[in-house]
Structure formats: structure tokens, C-alpha cells
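Visitor: Got a structure for you, questions after.
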Amino acid sequence: MATLGEVAAVSDARLQGCDAATVVTGVAPLDRAQPGQISFLTHSRYRQYLAATRASAVILSVKDAVECPAPALVAENPQVAYARASALFEPTAEAAGIHPTAWVSPDARIAADAWIGPQCTVEAGAVIGAGVFVGPNCVIGEQAELGERTRLVAHVTICHRVRLGRRVLVHPGAVIGSDGFGLALDRDGRWFKIAQLGRVRVGDDVEIGANTTVDRGALDDTVIEDGVKLDNQIQVAHNVRIGAHSALAGCVGIAGSAVIGRHCMLGGGVGVAGHLEIADRVQVTGMSLVTQSISQPGTYSSGLAVEPNRTWNKISARLRQLDALFRRVAALEKTNNQDGSTQEG
Amino acid sequence: MATLGEVAAVSDARLQGCDAATVVTGVAPLDRAQPGQISFLTHSRYRQYLAATRASAVILSVKDAVECPAPALVAENPQVAYARASALFEPTAEAAGIHPTAWVSPDARIAADAWIGPQCTVEAGAVIGAGVFVGPNCVIGEQAELGERTRLVAHVTICHRVRLGRRVLVHPGAVIGSDGFGLALDRDGRWFKIAQLGRVRVGDDVEIGANTTVDRGALDDTVIEDGVKLDNQIQVAHNVRIGAHSALAGCVGIAGSAVIGRHCMLGGGVGVAGHLEIADRVQVTGMSLVTQSISQPGTYSSGLAVEPNRTWNKISARLRQLDALFRRVAALEKTNNQDGSTQEG
Amino acid sequence: MATLGEVAAVSDARLQGCDAATVVTGVAPLDRAQPGQISFLTHSRYRQYLAATRASAVILSVKDAVECPAPALVAENPQVAYARASALFEPTAEAAGIHPTAWVSPDARIAADAWIGPQCTVEAGAVIGAGVFVGPNCVIGEQAELGERTRLVAHVTICHRVRLGRRVLVHPGAVIGSDGFGLALDRDGRWFKIAQLGRVRVGDDVEIGANTTVDRGALDDTVIEDGVKLDNQIQVAHNVRIGAHSALAGCVGIAGSAVIGRHCMLGGGVGVAGHLEIADRVQVTGMSLVTQSISQPGTYSSGLAVEPNRTWNKISARLRQLDALFRRVAALEKTNNQDGSTQEG
Numbered sequence: 465m466a467t468l469g470e471v472a473a474v475s476d477a478r479l480q481g482c483d484a485a486t487v488v489t490g491v492a493p494l495d496r497a498q499p500g501q502i503s504f505l506t507h508s509r510y511r512q513y514l515a516a517t518r519a520s521a522v523i524l525s526v527k528d529a530v531e532c533p534a535p536a537l538v539a540e541n542p543q544v545a546y547a548r549a550s551a552l553f554e555p556t557a558e559a560a561g562i563h564p565t566a567w568v569s570p571d572a573r574i575a576a577d578a579w580i581g582p583q584c585t586v587e588a589g590a591v592i593g594a595g596v597f598v599g600p601n602c603v604i605g606e607q608a609e610l611g612e613r614t615r616l617v618a619h620v621t622i623c624h625r626v627r628l629g630r631r632v633l634v635h636p637g638a639v640i641g642s643d644g645f646g647l648a649l650d651r652d653g654r655w656f657k658i659a660q661l662g663r664v665r666v667g668d669d670v671e672i673g674a675n676t677t678v679d680r681g682a683l684d685d686t687v688i689e690d691g692v693k694l695d696n697q698i699q700v701a702h703n704v705r706i707g708a709h710s711a712l713a714g715c716v717g718i719a720g721s722a723v724i725g726r727h728c729m730l731g732g733g734v735g736v737a738g739h740l741e742i743a744d745r746v747q748v749t750g751m752s753l754v755t756q757s758i759s760q761p762g763t764y765s766s767g768l769a770v771e772p773n774r775t776w777n778k779i780s781a782r783l784r785q786l787d788a789l790f791r792r793v794a795a796l797e798k799t800n801n802q803d804g805s806t807q808e809g
Numbered sequence: 465m466a467t468l469g470e471v472a473a474v475s476d477a478r479l480q481g482c483d484a485a486t487v488v489t490g491v492a493p494l495d496r497a498q499p500g501q502i503s504f505l506t507h508s509r510y511r512q513y514l515a516a517t518r519a520s521a522v523i524l525s526v527k528d529a530v531e532c533p534a535p536a537l538v539a540e541n542p543q544v545a546y547a548r549a550s551a552l553f554e555p556t557a558e559a560a561g562i563h564p565t566a567w568v569s570p571d572a573r574i575a576a577d578a579w580i581g582p583q584c585t586v587e588a589g590a591v592i593g594a595g596v597f598v599g600p601n602c603v604i605g606e607q608a609e610l611g612e613r614t615r616l617v618a619h620v621t622i623c624h625r626v627r628l629g630r631r632v633l634v635h636p637g638a639v640i641g642s643d644g645f646g647l648a649l650d651r652d653g654r655w656f657k658i659a660q661l662g663r664v665r666v667g668d669d670v671e672i673g674a675n676t677t678v679d680r681g682a683l684d685d686t687v688i689e690d691g692v693k694l695d696n697q698i699q700v701a702h703n704v705r706i707g708a709h710s711a712l713a714g715c716v717g718i719a720g721s722a723v724i725g726r727h728c729m730l731g732g733g734v735g736v737a738g739h740l741e742i743a744d745r746v747q748v749t750g751m752s753l754v755t756q757s758i759s760q761p762g763t764y765s766s767g768l769a770v771e772p773n774r775t776w777n778k779i780s781a782r783l784r785q786l787d788a789l790f791r792r793v794a795a796l797e798k799t800n801n802q803d804g805s806t807q808e809g
Numbered sequence: 465m466a467t468l469g470e471v472a473a474v475s476d477a478r479l480q481g482c483d484a485a486t487v488v489t490g491v492a493p494l495d496r497a498q499p500g501q502i503s504f505l506t507h508s509r510y511r512q513y514l515a516a517t518r519a520s521a522v523i524l525s526v527k528d529a530v531e532c533p534a535p536a537l538v539a540e541n542p543q544v545a546y547a548r549a550s551a552l553f554e555p556t557a558e559a560a561g562i563h564p565t566a567w568v569s570p571d572a573r574i575a576a577d578a579w580i581g582p583q584c585t586v587e588a589g590a591v592i593g594a595g596v597f598v599g600p601n602c603v604i605g606e607q608a609e610l611g612e613r614t615r616l617v618a619h620v621t622i623c624h625r626v627r628l629g630r631r632v633l634v635h636p637g638a639v640i641g642s643d644g645f646g647l648a649l650d651r652d653g654r655w656f657k658i659a660q661l662g663r664v665r666v667g668d669d670v671e672i673g674a675n676t677t678v679d680r681g682a683l684d685d686t687v688i689e690d691g692v693k694l695d696n697q698i699q700v701a702h703n704v705r706i707g708a709h710s711a712l713a714g715c716v717g718i719a720g721s722a723v724i725g726r727h728c729m730l731g732g733g734v735g736v737a738g739h740l741e742i743a744d745r746v747q748v749t750g751m752s753l754v755t756q757s758i759s760q761p762g763t764y765s766s767g768l769a770v771e772p773n774r775t776w777n778k779i780s781a782r783l784r785q786l787d788a789l790f791r792r793v794a795a796l797e798k799t800n801n802q803d804g805s806t807q808e809g
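Residue numbers (our numbering), protein chains in the order written: chain X, 465 to 809; chain W, 465 to 809; chain H, 465 to 809.
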């Protein structure tokens, strides 16, 4: 619950045609919003709904504010303004306390206003901060720490000694702190597991998607810095570091000890090899493969888009003859050069 | 339990050398089937087991029915016939009721003949239809709805307000209704979460694989239409629509707002970019990348198959010289044209 | 707890400058190790910490043992020696028994010294071997079998009739024994599920990563042989066989009925098509696609590394003109041959 004045303040917007004292209780799309809700206009295709909306106020751009038929909150960047406003209405710990079906070790420390949901396990030495929400069926390992107002939606596994910062949001099925894939090979080709002694440290305001996995470090820690956003089904191997405010789309895989810079964006399905470094502000497009360090900001790609299967099979076959083609062209060039003075001279 | 007559009716087969009144209780492979079980022959390599099988009847094709030494159920399409027959023996809700270790909100509505398994959480407002089976350690969020005879195997997360149709089958670790990856970027390069207000709507007869994730819509809903089959580890982003009877193999990733047609087939590891449309009856082969809309049915590819590493490194290096090669060939063509009249004239 | 003598014996190392009777209780990195802990030196960049380490002994190579200022355990292969030593300190079943919040069917057989953690479900007919550790919130299906000293970290799903060998380690979110993706297509393009009647059989000393999925066989079993190591987020389809001591990195996907040899290594994100066979000792580099059988050991690739986006777009466009280029070069060759005797003669 907030007043329009409070919404305007937090979202850096100005009121147009509405009253700062009006109380609002949530957000909704333009065509479904009721009085007492705010809405927003970030795509022009929804502009048609402005006239008929019942929202108490609509967040929109300076441009869309001109001749706006609805009460408005006018912002430079309506997307950010909406995002910040919507955070006002995010659910907080629904209740304080520990659900009777949760099992909490007597040696765990749970803040008085935190919530531990049904069927959870919280092991010895875990520290759960103020306002934390732990949804149903989560597991918090020994000595794991969850900072203030962090939220685990459901079915999340936080392994032993993992540290999450404040306001971290973790979606169902995510696993933070699983063992890294550390193996030693003996002379007979058998693998021996190397103990994974590090932790995972996650900064503030990080979001971690459904079924994403982040391995603990082998010796040192795996680190996810402040403001990083990880989509679903991402794999982060041991000792990776992801710089602040980077965003990784679904199904990205990052191999061990890779360092990703700040403000990077990796598209869906991107693969990053181990033991390399990616500079700040690098963008990699979907399904590309990074095998070497990238020192310059910019956009990088290696994904190939589909063709009709028959065309693609021809291209693929031609690729395999490409080296021979280079030699054929070189032979032609040699021949032409031998022809006489007209071409080179 | 069914009679061979009932099996024949449901699987559109005719009896040969067996009695319609014979009672059967399950299915098994040819070499392991016992009297009272039916079996099937869909691959010729198993034909050797026909003579010795103890099955009460074998589902097979018109062709294999000739001189068949075993009692048979003869079908046009033995694979479909077997699939339909085997459904007769699928486990149904093992018991009606709520396991004593489950936690069910007093505000949830559970059909009398549904089963809620051990360690489950069912939150307020959830609606569980007739004959639904919820296996162990599942989470059903607030106001989620599960249609008749839907089955969650174990460890499934159905988030708030998600609607599953009838006879939906969800495998362990799947997450339906996690937040979409909706973010707004401010001037300083920090991300702000955009509230995800939509739902996921799943039709009838859908199968969703282990550890597959389907995000809820940002405003409108993410939609999986009737009869869609999703394999394991698939990622479906917010506001995607997957048309009826499409089948997606493991590890497919679909970005936000993509629309997949009906009767499509996507191979393993295929990536589909956001905000595009794929027509009905499109097939995409494994590990291909779709970056633009596809308007014509057919098969599309962009995957490249392995070569010995050394060969591949050469191809890869040559690719990077390809533009130069085009220029070299153009130069040769120009030279040849300048040579005189013999080539062009 | 072990003596340095015991550590030396298990890790095939010799003592240098330390006492075989010294008791040690754990492992730690060089710079953090305390007296009573052993440490190790496997990368030269940590050599600087040797002089100041407080470890009771440091595992290192014959070469690094020369002029070593610290007490040492000298080994041929210090990585393997360390791995084997660290196993001495691995946690074993923390307690014997069944946590009061676990639900265990009265028809399950649990070894007296096994541990079933909080919020677990163990169904009828399950057999849990000696010294097994089942962490919190795991599900063990009907008639599943876990061999001696196998360890499920947390949130693991072992489906009905799956068999795990001895000393298997399964990380959170993994699903072993989900249904294979077996479907039959009818004339109208609708899919019918084919019952998945096989099991998964996992050998001894296998490790299975977080959120990895292994499907049960359709008829016969899916098989993971002894010593196989699977990283996180891997998908193994029905009826796959993975040969002993093979290691698969994160996000690998293997389609149905593929057979992977022994001592193979698949890089991150590799895709393997179905119904093919890969020989022993094959290595495939990251994000490559295997579409046909590989009969010779060696390293195989088809991944393409990123270029700056603009460069890549040019390469990608040129690829689509490649077939035409071959024809242009052929035309040039034909022309040159027609030119006269100077080139060919």
C-alpha cells in the first residue's frame, strides 16, 4: 500500500492529472487495472487502452504524457519507473515465524520477522536475516547465511556455508553451492574427486532463475557480485566470478574459473570456456561460444541461424571442402600471375 | 485390469488367435512378458522373441501378423496402438486423500478422490481436480489449478495462479510459473525487476519433462496448448505460446514472446530467439538456432557436426578468411574478364 | 581423523620432514591450513605459500619436494594423491537413523547405520544400503535401491526401481529415473505416450551433478557404468549407455539409445544424437554436435568461437554464398584450362 506521491518519489516521476494522496495497493496491465491500482505504458501497442483504463495512475513517458486521457505518472524511463514502483507492492514475508511442518535446527539463527515455510529444512549454524522469506520445501544447509529481505520462492537448495546478500531473489529449483566438478585422473584413467572447499558468495539485489545451478569454489569462492541477474537453467561452475550488474539469459553455461566483467549481457545458451576473462560491458549473442578472453567491450557472436535443411546440408558439405577451395584459388592466382605482366605489373 | 477385447477397442486393433475375454493386467517387453500381460512388436529386431513369448497377446502390424506364432492384436500403427493400450494400465491415484505429512491450506479445494502425497505443500486457494495425483514433495502455489487426472510425479513446483488442464503429466524437478526474466535498465546500467503479473496456462494431455522450466507471463499468459510434449531440461520463457501437438526434445530454449506453431518438432538443444513466430508443422534439427520467423512448414537446420579436431581447426580458421577469399575470387574473375574475349565473349 | 602415515598410504606418497604418527583431521588450502590439517600444492602459483603454511603436511610433487620448507607428502601425481587423501575426511552418515520429519514406508528396508534426513520420502520396497546418507528433502521411489555408502546431498529424486551402486554421489536437484521421451504419432499428428518400462542402473563410484536428469529406459535399462562423472544440468535420455570412467561436463545432452564408450570426455554443452555409438577414449570439445558414430579414439570438434558481431555477420552471410563461390571457382578453373597450354601443359 502506498500513495501516488510515494510511488512518484520512488519511481522518479511527476504526477499529471492525479492526486498525490490517492492510495494504491498494486499494479496491473492497463486493460485490467482497477481503481486503486497503478498501471504503465511502455509499448506503443498498448496505447489504445489509455482512454478506457480504470487505473488510478499510468506510468508513461514524457512523450506519451502529451494529450494523455488518463491520470499519469510521467517518467524519463517509464520501464525503470514501473519496475521501481512495482517493487513497492512486492509480497514481503507473509508471516513471521516458522511453519509447523518446517524442520529448523536448534542451532540455526532465525530473525524474529523472517518466515520459514512448510516442509523446509534449515540446518545447524544457518543464519537467516531480518525479513527473509523462505518458501515451501526449501533446504538451507549448515552455516549458510541469508541477508535481509532475501526471498527463496520454493524448492530452493542453499548448500552449506553459502552466503547470499540482501534482497536476493531465488526461484524454484535453483541450487546454490553444489560441489564443483573437480577431478584428478590417475594413470589408469580413473577419476578421483577433489574436495570442494570453497563457498559461493552472492551479493545484494541478485536474482537467480529457476533450476539454475551455481557451484561452490574448489579452494577460493565462486562469486556473484551485486545486481547480477541470472535467468533459468544457467550453469555456473566453480570459482567463476560474475561482475556486478551483468545479466545472463537462460541456459548459459560458464566453465570453471571464468571471470565475467561488470555490466555484461550474455544471450541464451551462450557457452563460456574456463580460465578466461571477459571485460566489462561485453555482450554475447545467443548460442555463441567464448573460448578466449575478450578484452574490449562490444558485441560478439558465433551463432549460426537456420536455413532450410537442404540448403544447410549443402553449406555444411561445402564447409568441409573449404580448405581445398582455398588451395584451388591459390592455384588459380598463381596461374594468373604466371600469365604475364597484365595482372600484377 | 482390462480384457483383450477392451484393449483391442481402445487401441483400434483386431484380435488374432486370442480370446476377447482374457483378462490382462499390464504391459511388458516380449521376452519378459508373463501370461496376463500384453506385449508389442514395433521393431523388427525383436521379432525373434515372438515364438517364445508368454504374453497373452502381442500388438503388431498387419505385416508382422502373417504367420505370427503368438496371439496377436493387429493394428495399422502398432506404436500408437501400444501407446493407447499401455495407458489403460497407467497408475492412477494410488489412494484418495491427503498424506499425513503433507501440508494443505484449509483454503485449498481438493477433490475427494485426489491424492496429495507425502511432504507436499498445497497453498491457499489451490484447486485440485478429480483423480489428480500429486506425488511426494511437490509444491502447489496459491490459486493454482490442476485439472482432472493430472499427475505430478514428485518434486514438482506449480507456482501461484498457474492452470494445468486435464491429464497433464509433470515429471520431477519441473517448475511451472517461475517469474519471467523481465528487467529494466537504468542510466547507470543497473537492472530493475519488472513484476511478472501473468500466469501459465497449460492445456489438456500435455507432458512436461524433468527439470523443465516454464515462466509465467509478464502481463499476458504463457500458453502451452493441448497435446504438447516437452522433454527434460527445456526452458520456456515468459509469454511464449506453444501450439497444440508440438513436441520439443531435451534442452530446447525458447526466448520471450516467441510463438511456436502446431505440430512442430524441435530437436534437442534448439534455441529460439524471442518475439518471432514459427509456422505450423515446422521441424528444426538438433542444436540449431532460430533467429527469425519461419512462415513455411518444412525442416530447418543450422547445426554443424563434429570433425576430427585438427580438421575442424583448419575449417574454423578458413571461415575467418572467407570474406577475403570472396574478394580474391572476384579479383580473379575481373582479371579473367579483362583478359580478352575468349571467356565472356 | 587419520595419521599422516595413513594419509601417505592411501595417497601413495612418502613422508618428508614429518612424523607418520601426527594426527590430522581435515584438508585446507595452503594459506588457510592450521596445524592438524593437510594441504597440497598442485599449481605453481601457490608455491609462495609453502614457507609460511601452518599445515601439518603438504602433498606435492617430487619436483616441488626439492628444497621444500614445509613438512611434505611427496607423490608422483599430487592431484590424485590429494583427491584420495581428501576422501579420508569426507563426511559420512552424520547420524544413523531416520529423521522424525522423514516419511519412510513401513515396506522399505533401511540399513541400521544409514541416515534418512529431514522431510524425505522413502516409498514402499526401497532398499537403502549400509552407510547410505540421504540428505534433506529427497524422494526415493518404490523399489529403488541405493548401494553402500551412497550419498544424496539434498532435494534428489530417485524414481521407482532405479538402482544406484556403491559410493554414488548425487547432487541437489538431480532426477534419476524420470520417464523417457517415448511417443507415438497418430495419423492426425497427435502424440501418444509410450509407457517407459525400463530402469536406470548406475554403477559404483559415480558422481551425478546438480539438476542433471537421467531417464529410465523404454524397455531395457539406461546404464551409467562404474566411475562415470556427470557434471551439472546434463540430460541423459532413455536407453543411453555411458561407459566406465567417462566424464561429461555441464549441460551435455545425450539423445536416446546413444552409446558412449569408456574413458570418454565430453566438453560443456556437447550434444549427442540418438542411436549412435562413440568409441572408447573419444574426447569432444565444448558445444560440439555429434550426429554419427565415432569409431576412432581422438578429439572431435564442431564449436565455433566468437568474433566481433560485425565480423561474424559478414562470415555468416558469406557462408550462405559459399555454394555459389564453389561454382564461381569451378568456372574460373574451366576458363583457365580452356585458355591454352601455358597453365595445364
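Even for Gly, the Cβ is constructed at its ideal location relative to N, Cα and C.
#1: Just list the beta strand (DSSP E) runs in the region 668 to 744 of chain W, keeping only unbroken ones of 3 residues or longer that don't cross its boundaries, in chain order.
#2: If you drop the 5 nearest sequence neighbours on each side, which residues of the same chain put their C-beta closer than 7 Å to that of residue 675 (chain X)?
#3: To the nearest angstrom, how far is it from the Cα of residue 524 (chain W) to the Cα of residue 483 (chain W)?
#4: In three-state terms, what does DSSP make of residue 471 (chain H)?
#5: Buried or exposed for residue 652 (chain H), going by 16 or more other Cβ atoms inside 10 Å?
#6: For the region 651 to 673 of chain X, list every residue whose C-beta sits within 9 Å of some C-beta in chain H, in sequence order.
#7: Locate the alpha helix (DSSP H) running through residue 543 (chain W), then write down its first and last residues.
#8: Give the straight-line distance between the Cα atoms of residue 756 (chain X) and residue 656 (chain H), rounded to the nearest whole angstrom.
#9: Let me know if residue 600 (chain H) comes out buried or exposed under the rule of 16 or more other beta-carbons within 10 Å of its beta-carbon.
#10: Could you give the DSSP three-state label for residue 793 (chain H): helix, strand or coil?
#11: Do the CB positions of residue 472 (chain X) and residue 478 (chain X) come within less than 8 Å of each other?
#12: Just tell me which of X:746, X:602, X:772 has its CA closest to the CA of residue 412 (chain X).
#13: Mind checking if residue 696 (chain X) is an interface residue toward chain H, Cβ cutoff 8 Å exclusive?
#14: Under 8 Å Cβ to Cβ from residue 567 (chain X), same chain only, skipping five residues before and after it: list those, please.
#15: Can you grab the Cα-Cα spacing for the pair residue 632 (chain H) / residue 613 (chain H), in whole Å?
#16: Check this for me: beta carbons of residue 667 (chain H) and residue 688 (chain H), under 8 Å apart or not?
#17: Mapping the DSSP letters down to three states, classify residue 785 (chain X) as helix, strand or coil.
#18: For residue 597 (chain X) and chain W, any beta-carbon pair shorter than 8 Å?
#19: Label residue 671 (chain X) either buried or exposed according to how many other C-beta atoms from any shown protein chain fall within 10 Å of its C-beta, with 16 as the threshold for buried.
#20: For residue 587 (chain X), which residues does DSSP report across the bridge?
#21: If you follow the alpha helix (DSSP H) that residue 526 (chain W) is part of, which residue opens it and which one closes it?
#22: Kindly list, in the order they appear in chain H, the residues whose Cβ is closer than 8 Å to that of residue 798 (chain W).
#23: From this set, W:648, W:743, W:753, W:714, which residue's C-alpha is nearest residue 547 (chain X)'s C-alpha?
#24: Nearest CA to the CA of residue 784 (chain X): which residue from H:735, H:778, H:765?
#25: Between residue 519 (chain H) and the rest of its own chain, which residues show a CB-CB distance below 8 Å, the 5 nearest in sequence each way excluded?
#26: Can you pull the chain W neighbours of residue 778 (chain H), defined as C-beta to C-beta under 8 Å?
#27: Would residue 641 (chain W) and residue 605 (chain W) qualify as a contact pair, given that the criterion is a beta-carbon distance under 8 Å?
#28: Taking a contact to mean a Cβ-Cβ separation below 8 Å, would you say residue 716 (chain H) touches residue 686 (chain H) in this structure?
#29: Pick out whichever of W:774, W:787, W:777 has its Cα sitting closest to the Cα of residue 778 (chain H).
#30: Ignore the nearest five residues each way along the sequence and tell me which others in residue 645 (chain W)'s own chain have a CB closer than 8 Å to its CB.
#31: Against chain X, which members of the region 473 to 503 of chain W pass a CB distance test of less than 8 Å?
#32: Quick test of your reading: residue 488 (chain W) and residue 516 (chain W), contact by CB under 8 Å. State the CB separation rounded to the nearest angstrom.
Guide: The answer reads as follows:
#1: When DSSP assignments are scanned along the region 668 to 744 of chain W, the uninterrupted stretches of beta strand (DSSP E) that are 3 or more residues long and fall wholly within it turn out to be 677 to 679, 686 to 688.
#2: 637, 638, 696, 697
#3: 16 Å
#4: helix
#5: Exposed, because fewer than 16 other Cβ atoms sit within 10 Å of the Cβ of residue 652 (chain H).
#6: 651, 652, 653, 654, 655, 656, 657, 658, 659, 661, 662
#7: 542 to 551
#8: 46 Å
#9: buried
#10: helix
#11: yes
#12: As displayed, chain X neither begins before 465 nor continues past 809, which places residue 412 (chain X) out of reach and without an answer.
#13: No, residue 696 (chain X) does not count as interfacial toward chain H.
#14: 584, 585, 586
#15: 7 Å
#16: yes
#17: Residue state, collapsed to three classes: coil.
#18: no
#19: buried
#20: Answer is none; residue 587 (chain X) lacks a bridge partner.
#21: 526 to 529
#22: Those within 8 Å of residue 798 (chain W) in chain H number zero; the least Cβ separation is about 11 Å.
#23: W:648
#24: H:765
#25: 492, 494, 497, 498, 499, 501, 502, 503, 534, 535
#26: 787
#27: yes
#28: no
#29: Checked all of W:774, W:787, W:777; the closest Cα to residue 778 (chain H) is W:787.
#30: 679, 701, 702, 720
#31: Contacts with chain X (Cβ-Cβ distance below 8 Å) from the region 473 to 503 of chain W involve no residue at all.
#32: The Cβ separation is near 19 Å, so there is no contact.
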